[in-house]
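S.K.: Residue 80 in my numbering sits at position 73 of the sequence shown, with consecutive numbering throughout.
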Amino acid sequence: MNMPTQLHDEDVKALDQEETQTKKATTQTNARLTVTSSAKAKKAVQDQSESEPSLEKPSVENQVRVYDTIVIGAGISGLAAAHQMNERGYTDYVVLEKANRVGGTWRDNTYPGCGCDVPSALYSFSFAPSHKWSHLFAKQPEILNYLEDVAEQHGLYRNIQFNCELIAAEWNEELKQWQLETSKGKYAARTVIFSTGPITEPQIPKIKGIESFEGEMFHSARWNHAYDLKDKRIAVIGTGASAIQFIPQIQPIAKNVVVFQRTAPWVLPKADLPLNDRAKGIITRFPTVQETWRKSVAGILNGINLGLRNPSLLEPVNYLGRQLLKTQIQDAELREKVTPNFSIGCKRLLFANNYYPALQQANVELVPHGLVEIEDNTVIAANGERHEVDVIIWGTGFEVSHPPIGQRVKNAKGELLSELWKNSSPEAFLGTSIAQVPNAFLVLGPNILVYDSFIGIAEAQVGYIVDALVKMKQEKIQRLEIKSNVLAYHNAKVQTHLQTTVFNSGGCKSYYLDANGRNFAAWPWSLKQLKQRLKQVDLTDYETVA
């Protein structure tokens, strides 16, 4: 069998070689940023309402708005796509956003303590570096504020249709066109970019008796700010990335907090130092300082990524995790409960300085078991332990192995993607192109995640997609679909090389693995190599119809 040119064995060989600021100040900063962001979003929607006729592009039938490209979602990926299309002179597009403001996950996740676990030096677009971060790790309100600034300053709002949710999308083979049903009517386009991301739909486990719960209940990604947690008995389900951020914030005001931990996570110290005005001024006046900062952080993350691919190199990271356990938890019994039983890096690395101290407060109890049943206002652990609570907060992550977009998109055969993915997880070429789904592209799709900034990954992937759009126009290509042998060869190599990574060999069950144990999320090589692969599209990897 002829192997596709995109991944030869020699290519694979080459791939192988390769909180000291006060709480009061933080609260004031977050409140100020939230007010600023809300006002900015409101103005953007008002501005769009005044100019919205430009987005109303009727077809001949005067019923369907037709564009060359439609982008679904105005989060990080959607904004990156809009900017890069503008830069390439590709203007016949619209971004459909279900909410009333940009921001994606940073708009939706507003739980107390929400922030980024990637250093802020890397958390900005290459075309819009930020000098305004308040900490070495940016907080949610200022990230949302930054994304709204980018949309405003780079003229992206004029191509965004807000409050427009995708209901269904289906490929019309005869017309070589995507036909979309939305909450604002019908749209059609030659190509579609699905930039909804992997962490959009909260996951709440199917717990026996959940419908009988008499109190308040919400997911961390849909935080109920109207509900007062003061003096409440709180059950927190899960100890993942969100939970370790909000537990220290709710502990001081709660009557008590019961934390249900199915699996103990690895937690590393977080160098979350504040950036004062002097530091920001130096970064602003001397761009080389920021560039040096970015390169230093990138070097550290590259080292971690190397270790994730070669677990024996993770010993320094393992040492940091064990030292944090040793120095922050004095009680031997509690320390044993929160010590992971799998290799560091097998699950997502978590960073916090205040999580372990919060667990040791008098009003906090850690239950080292999962939640299995609810009876009225009583939550029951797998070991039979029972606790009466007023509120349940689900810190249980997202539907990543079965993306919600699959329930709304039909392929060229008229099959819902969710049906095709029902017994397995999605597959894609370079996390971008899916079999039998022509003229459509994913951003942050399967097997593209690297331990780094999502922004850098999204920008690289969007560059690949926009290059494909431009070449389709230049070559007058009506239909573009990934070749089955290219997809099969690519995914076989990806899965082979993932076997020796800590994700697959570290002894844990993480969200990287589907029900069949297949790793559908991680990229087995470096970010540099991913960017090289995404530098430009090779049309020979695709079946084309002109």
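Backbone N, C-alpha and C define an ideal beta-carbon position, used for all residues, glycine too.
#1: Look at residue 77 and residue 196 and say whether their C-beta atoms are less than 8 Å apart.
#2: Which residue from 454, 166, 449 puts its Cα closest to that of residue 471?
#3: If you run the structure through DSSP and keep just helix, strand and coil, what is residue 442?
#4: I want to know whether the stretch 364-375 touches the stretch 243-263 - three or more CB-CB distances under 8 Å.
#5: For residue 206, count neighbouring C-beta atoms within 10 Å of its own C-beta (all shown protein chains included) and say buried if the count is 16 or more, exposed if not.
#6: Express the C-alpha separation of residue 70 and residue 543 in angstroms, rounding to a whole number.
#7: What is the residue span of the alpha helix (DSSP H) that residue 292 lies within?
#8: Are the stretch 522-539 and the stretch 501-509 in contact at 8 Å, needing three or more beta carbon pairs?
#9: Could you tell me the alpha carbon to alpha carbon distance between residue 334 and residue 459, rounded to whole angstroms?
#10: Can you tell me which of 161, 80, 254 puts its alpha carbon nearest to the alpha carbon of residue 114?
#11: Since residue 388 contacts residue 220 with CB under 8 Å, what's their CB separation in whole angstroms?
#12: So the beta strand (DSSP E) residue 456 belongs to, where does it begin and stop?
#13: Using three-state DSSP, classify residue 177 as helix, strand or coil.
#14: For residue 528, which residues from the same chain have a beta carbon less than 6 Å from its beta carbon, with the 5 sequence-adjacent residues on both sides left out?
#15: What would DSSP say about residue 138, mapped onto helix, strand or coil?
#16: Is residue 357 close to chain B? Criterion is C-beta to C-beta, closer than 8 Å.
#17: From residue 553 to residue 98, what distance separates their C-alpha atoms?
#18: According to DSSP, is residue 328 part of a helix, a strand, or is it coil?
#19: Between which two residues does the alpha helix (DSSP H) carrying residue 545 extend?
#20: Would you decide whether residue 318 is buried or exposed? Buried here means 16 or more other CB atoms lie within 10 Å of its CB.
#21: In its own chain, which residues sit with a C-beta less than 6 Å from the C-beta of residue 401, not counting the 5 before and 5 after it?
#22: Quick check: the Cα distance between residue 452 and residue 82, rounded to an integer number of angstroms?
#23: Could you please give the first and the last residue of the uninterrupted beta strand (DSSP E) stretch that includes residue 186?
#24: Quick check: what's the CA-CA separation for residue 120 versus residue 473?
#25: Taking the continuous beta strand (DSSP E) assigned at residue 192, which residues delimit it?
#26: So, helix, strand or coil for residue 146, using DSSP?
#27: Assign residue 303 to one of two classes, buried (16 or more other C-beta atoms within 10 Å of its C-beta) or exposed (fewer than that).
#28: Using the Cβ count rule (16 or more neighbours within 10 Å means buried), how would you classify residue 40?
#29: On the premise that residue 346 lies in contact with residue 332, defined as a C-beta separation below 8 Å, what is that separation, rounded to the nearest angstrom?
#30: So residue 469 is in the alpha helix (DSSP H); what residue range does that whole segment cover?
#31: Please report how far the alpha carbon of residue 359 lies from the alpha carbon of residue 116, in whole angstroms.
#32: Tell me whether the beta-carbon of residue 383 lies closer than 8 Å to the beta-carbon of residue 223.
#33: Which of the three DSSP states, helix, strand or coil, is assigned to residue 549?
#34: Which one of 436, 482, 386, 409 has the shortest CA to CA distance from residue 241?
#35: Put residue 161 into one of helix, strand or coil per three-state DSSP.
M.R.: Short version:
#1: Counted from its first residue, the sequence shown places residue 77 at position 70. Counted from its first residue, the sequence shown places residue 196 at position 189. Result yes, Cβ atoms of residue 77 and residue 196 sit closer than 8 Å.
#2: Translated into the one-based positions of the sequence shown, residue 471 becomes position 464. Nearest C-alpha to residue 471: 449.
#3: Translated into positions along the sequence shown, residue 442 becomes position 435. Looking at residue 442 - three-state DSSP - the assignment turns out to be coil, as it is neither helix nor strand.
#4: yes
#5: For the purposes of this step, residue 206 is identified with residue 199 of the sequence shown, where counting begins at 1. Label assigned to residue 206: buried.
#6: Here the question's residue 543 lines up with position 536 in the sequence shown. Here the question's residue 70 lines up with position 63 in the sequence shown. The straight-line gap from Cα to Cα measures roughly 36 Å.
#7: The residue given as residue 292 occupies position 285 in the sequence shown. Element bounds for residue 292: 284-292.
#8: yes
#9: Position 327 of the sequence shown holds residue 334. Position 452 of the sequence shown holds residue 459. Going from the Cα of residue 334 to the Cα of residue 459 covers about 28 Å.
#10: Here residue 114 refers to the residue found at position 107 of the sequence shown. Taking only the C-alpha atoms, the option nearest residue 114 is 80.
#11: Here residue 388 is taken as the residue at index 381 of the sequence shown, counted from 1. Here residue 220 is taken as the residue at index 213 of the sequence shown, counted from 1. Wrong, their Cβ atoms sit about 15 Å apart, outside the cutoff.
#12: For the purposes of this step, residue 456 is identified with residue 449 of the sequence shown, where counting begins at 1. First-last for residue 456: undefined, no H or E at that position.
#13: Counted from its first residue, the sequence shown places residue 177 at position 170. It is a strand residue.
#14: The residue you call residue 528 lines up with position 521 of the sequence shown. Only 456, 519 meet the Cβ criterion.
#15: For the purposes of this step, residue 138 is identified with residue 131 of the sequence shown, where counting begins at 1. Coil.
#16: The structure shown contains no chain B, having only a single protein chain.
#17: Position 546 of the sequence shown, counted from the first residue, corresponds to residue 553. Position 91 of the sequence shown, counted from the first residue, corresponds to residue 98. For residue 553 and residue 98, the distance between alpha carbons rounds to 22 Å.
#18: For the purposes of this step, residue 328 is taken as residue 321 along the sequence shown, with counting starting at 1. Residue 328: helix per DSSP, three-state reduction.
#19: For this step, residue 545 is matched to residue 538 along the sequence shown. No alpha helix (DSSP H) holds residue 545; DSSP gives it neither H nor E.
#20: Along the sequence shown, read from residue 1 onward, the residue named residue 318 stands at position 311. Buried is the call here.
#21: Position 394 of the sequence shown, counted from the first residue, corresponds to residue 401. Excluding sequence neighbours, residue 401 sits near 211, 226, 244.
#22: Locating residue 452 in the sequence shown gives position 445, counting from the first residue. Locating residue 82 in the sequence shown gives position 75, counting from the first residue. Computed Cα separation, rounded: 15 Å.
#23: Translated into the one-based positions of the sequence shown, residue 186 becomes position 179. From DSSP, the beta strand (DSSP E) with residue 186 extends over 184-189.
#24: For the purposes of this step, residue 120 is taken as residue 113 along the sequence shown, with counting starting at 1. For the purposes of this step, residue 473 is taken as residue 466 along the sequence shown, with counting starting at 1. Taking the straight line from one Cα to the other gives about 36 Å.
#25: Working through the sequence shown from its first residue, we reach residue 192 at position 185. Here the beta strand (DSSP E) through residue 192 covers 192-201.
#26: Numbered from its first residue, the sequence shown carries residue 146 at position 139. In the structure shown, residue 146 sits in a strand (DSSP, three-state: E or B).
#27: Taking the first residue of the sequence shown as 1, we reach residue 303 at position 296. Its Cβ having fewer than 16 others within 10 Å, residue 303 is exposed.
#28: Here residue 40 is taken as the residue at index 33 of the sequence shown, counted from 1. Per-residue confidence for residue 40 stands at a pLDDT of 38, beneath the threshold of 50, marking its modelled position as unreliable; the derived number appears in the next sentence. By the neighbour-count rule (16 or more Cβ atoms within 10 Å), residue 40 is buried.
#29: In the sequence shown, counting from the first residue as 1, residue 332 sits at position 325. In the sequence shown, counting from the first residue as 1, residue 346 sits at position 339. 6 Å between Cβ atoms; contact.
#30: In the sequence shown, counting from the first residue as 1, residue 469 sits at position 462. Segment 461-481, the alpha helix (DSSP H) holding residue 469.
#31: As a working note, residue 359 is residue 352 in the sequence shown. As a working note, residue 116 is residue 109 in the sequence shown. Cα to Cα, residue 359 sits roughly 18 Å from residue 116.
#32: As a first step, residue 383 is located in the sequence shown; it is residue number 376 there, counting from the start. As a first step, residue 223 is located in the sequence shown; it is residue number 216 there, counting from the start. Contact: no.
#33: Against the sequence shown, residue 549 aligns to sequence position 542. Correct three-state label for residue 549: strand.
#34: Within the sequence shown, the letter at position 234 stands for residue 241. Taking only the C-alpha atoms, the option nearest residue 241 is 386.
#35: Indexing the sequence shown from 1 puts residue 161 at position 154. In this structure, residue 161 counts as coil in the three-state DSSP scheme.
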